[in-house]
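Accompanying notes for the structure given below.
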Amino acid sequence: MAVVKASSPVIAFAALFLASVDGYACSRRDAVSSVGMVNHADAIVRAAAVEYVKPPRRFFPVWTDGEPDTTVRFEVLEIIRGPMPSLLILPGYLSDWDDFNDHVPPYRFVRPNGRHGSCYANTYREGQFLLILKKKRPGTLPSTGTGLGR
1167 MAVVKASSPV
1177 IAFAALFLAS
1187 VDGYACSRRD
1197 AVSSVGMVNH
1207 ADAIVRAAAV
1217 EYVKPPRRFF
1227 PVWTDGEPDT
1237 TVRFEVLEII
1247 RGPMPSLLIL
1257 PGYLSDWDDF
1267 NDHVPPYRFV
1277 RPNGRHGSCY
1287 ANTYREGQFL
1297 LILKKKRPGT
1307 LPSTGTGLGR
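If you're matching positions, the sequence shown starts at 1167 in this note's numbering and goes up one per residue.
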């Protein structure tokens, strides 16, 4: 019986290839469920992005690996679910351009502004949004929680 030894580079390449299948950065394995997002939301509000509370200290494009160091004030126009103050402050950036998702629904990949390090699209235009919010931890104000759900 002959034993065939595979070279280390071949094994390493095969392992990398198999490990990377369906594992792209800033993507989800499953599609975002709008029903699931609504069912698990702690609060749902219609709110308007108004202005910076804490503006950026540098110019765009901003690459982050977590929450931005800037915050945006939202005026709550309508509470659909959950307790919510009349003003909401969320980490994020204000922009002058739309950032529509360039993939087809159901979305499995973050919209373009989320492809700069953190995999979260946290850029808003001044105007109204339907925010589906999830608390980060008990007793805190909700944040935009679901990946791709911002």
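Ideal Cβ placement from N, Cα and C applies to all residues, glycine included.
Item, Value
"Per DSSP, what kind of secondary structure is residue 1293 in: helix, strand or coil?", "strand"
"Note down the Cα distance separating residue 1295 from residue 1244, rounded to an integer number of angstroms.", "11 Å"
"Under DSSP, the alpha helix (DSSP H) around residue 1200 begins and ends at which residues?", "1200-1206"
"In terms of residue numbering, what span does the beta strand (DSSP E) encompassing residue 1247 cover?", "1237-1247"
"So residue 1209 is in the beta strand (DSSP E); what residue range does that whole segment cover?", "1209-1220"
"Considering only the alpha carbon of each residue, which of 1235, 1218, 1236 and 1249 lies closest to residue 1211?", "1249"
"Identify which residue in 1246, 1266, 1255 and 1251 has its Cα closest to the Cα of residue 1239.", "1255"
"Who are the near neighbours of residue 1285 in its chain, counting only those whose CB is closer than 6 Å to its CB and skipping five residues on each side?", "1192 and 1276"
"Going by DSSP in three states, residue 1278 sits in which element: helix, strand or coil?", "helix"
"How long is the line joining the alpha carbons of residue 1223 and residue 1303, rounded to whole angstroms?", "28 Å"
"Check residue 1259 in the structure and name its three-state DSSP category.", "strand"
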